[in-house]
Ligand code: C2O
């Protein structure tokens with residue numbers, strides 16, 4: 003069974019005449035680049051704005067602009083980069099009364115992540131996560147496009163961290179307010195040119211996630227977050243910004259969208275959702291979005307490029323190329339076509355030096371799993387309904403541990419919320435689905451005698467997950483508990 007991941011363009015998705023972006027478009031108000039640091043440090047004048055509500059309904063088919071490829075920031079031509087930078091500069095320079103301002107748009111995100119006292123609800127930690135951000139990016143892209151005077155061709159870039167392991171250069175250099183893509187609230191390691199932690203946002207992680215065939219495990223359901231949301235979405239957020247302190251923009255949902263990198267990050271997340279949908283074939287529900295009306299009828303309000311309140315439903319956004327006029331060069335991951343779902347339980351806790359939790363399986367499942375692991379065929383553990391203690395945030399690593407031995411099986415990125423009084427980080431979290439690659443750890447996790455147990459540790463070293471210096475102690479902030487556990491092995 004081959005389980006390699008390959009990245010190649012998918013011809014099908016290259017629409018005629020859609021692949022080029024007209025460079026060098028004239029920017030409305032160009033030359034008026036903002037010059038002070040004030041725009042970077044600006045706080046909302048009086049707390050969070052009023053959330054937009056109601057508004058003109060988006061009508062599929064009314065957006066008739068050309069369908070344009072959203073590209074990696076690394077594929078932007080110099081002219082496209084200039085256009086992007088000028089558009090952000092114009093956004094930052096808008097007067098405070100405007101509904102499109104950089105800060106107001108960032109606060110829109112704060113409003114919908116329950117960071118404000120008047121937050122209507124939180125779109126994170128549920129199946130709203132993918133579509134809400136898709137709509138947010140769509141209108142943000144229209145605003146930037148109209149400021150660039152080229153709504154037809156301007157599309158957001160993505161930061162494909164699976165390929166670009168540092169902060170993308172245009173967002174970091176020059177590192178000053180002369181660069182509208184720069185943000186002064188990023189962790190010094192990355193901002194100084196460092197790499198992302200080796201475990202986060204990798205092609206291997208994407209491959210593991212693409213082994214999930216049901217939307218709930220991948221993208222969440224009405225009451226819990228999907229696997230992608232905590233890692234790589236959350237881990238990369240926390241890698242770029244801290245959850246508190248001076249470097250908090252990307253690390254705190256209340257501030258995250260103040261960093262232009264947020265939009266490149268989320269564009270990549272949107273690309274991964276799109277790529278997951280591309281794996282669907284034939285009838286059946288695999289790799290398909292929920293058909294539950296409760297999902298399809300979700301509707302949110304935004305401001306458009308004319309400062310008008312508009313609203314769009316989840317259903318409106320599922321076909322992004324036809325309705326929202328952008329497409330992606332498809333990221334094709336070869337995943338095994340058939341998965342066996344095996345029963346398993348996460349058992350906790352027994353008295354003794356290592357109370358667990360550990361995985362309990364039948365003899366038959368044990369055999370199947372061990373055989374798969376020996377053949378280096380993927381063994382994936384999916385934990386549903388994992389509860390996180392309130393107030394906890396940061397990046398965490400999950401290890402299979404046995405005595406001194408630790409095998410990294412996955413990570414969890416928990417992003418703090420908070421603007422206004424909700425700053426206190428005492429928030430409760432919705433349950434999450436956690437998908438762990440236990441291929442390497444399986445032989446020890448399923449030993450009959452004193453099997454390895456699973457533990458979650460706060461990440462100590464940003465660059466080297468799992469690294470512990472001699473004498474250093476790992477902090478176990480919470481114990482892994484799940485409502486349901488299942489193991490997925492590729493059918494051989
Ligand atoms: Cu709304 Cu990346 O978070």
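In the working numbering, the protein residues as written are 3 to 494. Cβ coordinates follow ideal geometry from the N, Cα and C atoms, glycine included.
Following a CB-centred definition, is residue 255 positioned closer than 7 angstroms to any heavy atom of ligand 1? In terms of side-chain proximity, the C-beta atom of residue 255 is found nearer than 7 angstroms to a non-hydrogen atom of ligand 1.
Relative to ligand 1, is the shortest distance from any of its heavy atoms to the C-beta of residue 112 smaller than 7 angstroms? Remark: the shortest separation between the CB of residue 112 and any heavy atom of ligand 1 does not fall under 7 angstroms.
Using only the heavy atoms of ligand 1, determine whether one of them is closer than 7 angstroms to the beta carbon of residue 258. Result yes, Cβ under 7 angstroms from ligand 1.
What I want to know is whether the C-beta of residue 135 ends up closer than 7 angstroms to one or more non-hydrogen atoms of ligand 1. The answer is yes for residue 135.
Measuring only from the beta carbon, is residue 239 closer than 7 angstroms to any heavy atom that is part of ligand 1? Yes, the beta carbon of residue 239 sits closer than 7 angstroms to at least one heavy atom of ligand 1.
Cβ-heavy atom distance between residue 115 and ligand 1 below 7 angstroms? It does: the Cβ of residue 115 is within 7 angstroms (strictly closer) of some heavy atom of ligand 1.
What are the residues that DSSP puts in a beta bridge with residue 160? Beta-bridge pairing links residue 160 to 74.
In chain order, what are the residue ranges of uninterrupted alpha helix (DSSP H) at least 4 long that sit wholly in the region 308-384? Qualifying alpha helix (DSSP H) stretches, in chain order: 316-319, 365-376.
Where are the alpha helix (DSSP H) runs, 4 residues long or more, that stay fully inside the region 107-146, in chain order? Those alpha helix (DSSP H) runs which fall completely within the region 107-146 and span 4+ residues do not exist here.
Using a threshold of 8 angstroms, state whether the C-beta atoms of residue 225 and residue 158 are closer than that. Not a contact, by the Cβ cut-off of 8 angstroms.
Should the region 154-170 be called in touch with the region 195-213, which here means at least 3 C-beta pairs below 8 angstroms? Touching, yes.
May I ask whether a heavy atom of ligand 1 can be found less than 7 angstroms away from the beta carbon of residue 59? Checking the Cβ of residue 59 against ligand 1 gives no.
Taking all protein chains shown into account, do 16 or more other C-beta atoms lie within 10 angstroms of the C-beta of residue 474, making it buried, or fewer, making it exposed? Classification for residue 474: exposed.
Taking 6 angstroms as the limit between beta carbons, can you name the residues of its chain near residue 313, skipping five residues before and five after? Taken in chain order, the residues that qualify are 57, 59, 301, 303.
What span of residues does the alpha helix (DSSP H) with residue 88 cover, start to end? In the DSSP annotation of this structure, the continuous segment of the alpha helix (DSSP H) that includes residue 88 starts and ends at 80-94.
Check whether the Cβ atoms of residue 448 and residue 371 lie closer than 8 angstroms to each other. Yes, the pair counts as a contact, with Cβ atoms nearer than the cut-off.
Taking residue 325 and residue 65 to be in contact with their CB atoms under 8 angstroms, please state how far apart those CB atoms are, rounded to whole angstroms. That belief holds up - the Cβ atoms of residue 325 and residue 65 are roughly 7 angstroms apart, short of 8 angstroms.
Hey, is residue 288 close to ligand 1, as in C-beta under 7 angstroms from one of its heavy atoms? For ligand 1, not one heavy atom lies less than 7 angstroms from the Cβ of residue 288.
Looking only at C-alpha atoms, which of 315, 123, 337 sits nearest to residue 419? Minimum Cα distance to residue 419 is reached at 123.
Can we count residue 431 as close to ligand 1, meaning its CB is less than 7 angstroms from some heavy atom? Taking 7 angstroms as the cut-off, the C-beta of residue 431 does not count as close to any heavy atom of ligand 1.
Is residue 207 helix, strand or coil by DSSP? Correct three-state label for residue 207: helix.
Just to check, is the beta-carbon of residue 268 closer than 7 angstroms to a non-hydrogen atom of ligand 3? Looking for ligand 3 in the displayed structure turns up nothing; the ligands present are ligand 1.
Please name the residue in 142, 80, 119 whose C-alpha comes closest to that of residue 104. Closest by alpha carbon: 142.
Let me know the secondary structure DSSP gives residue 490 once reduced to three states. In the structure shown, residue 490 falls within a strand segment according to DSSP collapsed to helix, strand and coil.
Looking at residue 367 and residue 375, is the spacing between their C-beta atoms short of 8 angstroms? Not closer than 8 angstroms, so no.
Quickly, what does DSSP pair residue 459 with across the bridge? List them, please. Looking at the DSSP assignment, residue 459 forms a beta bridge with 399.
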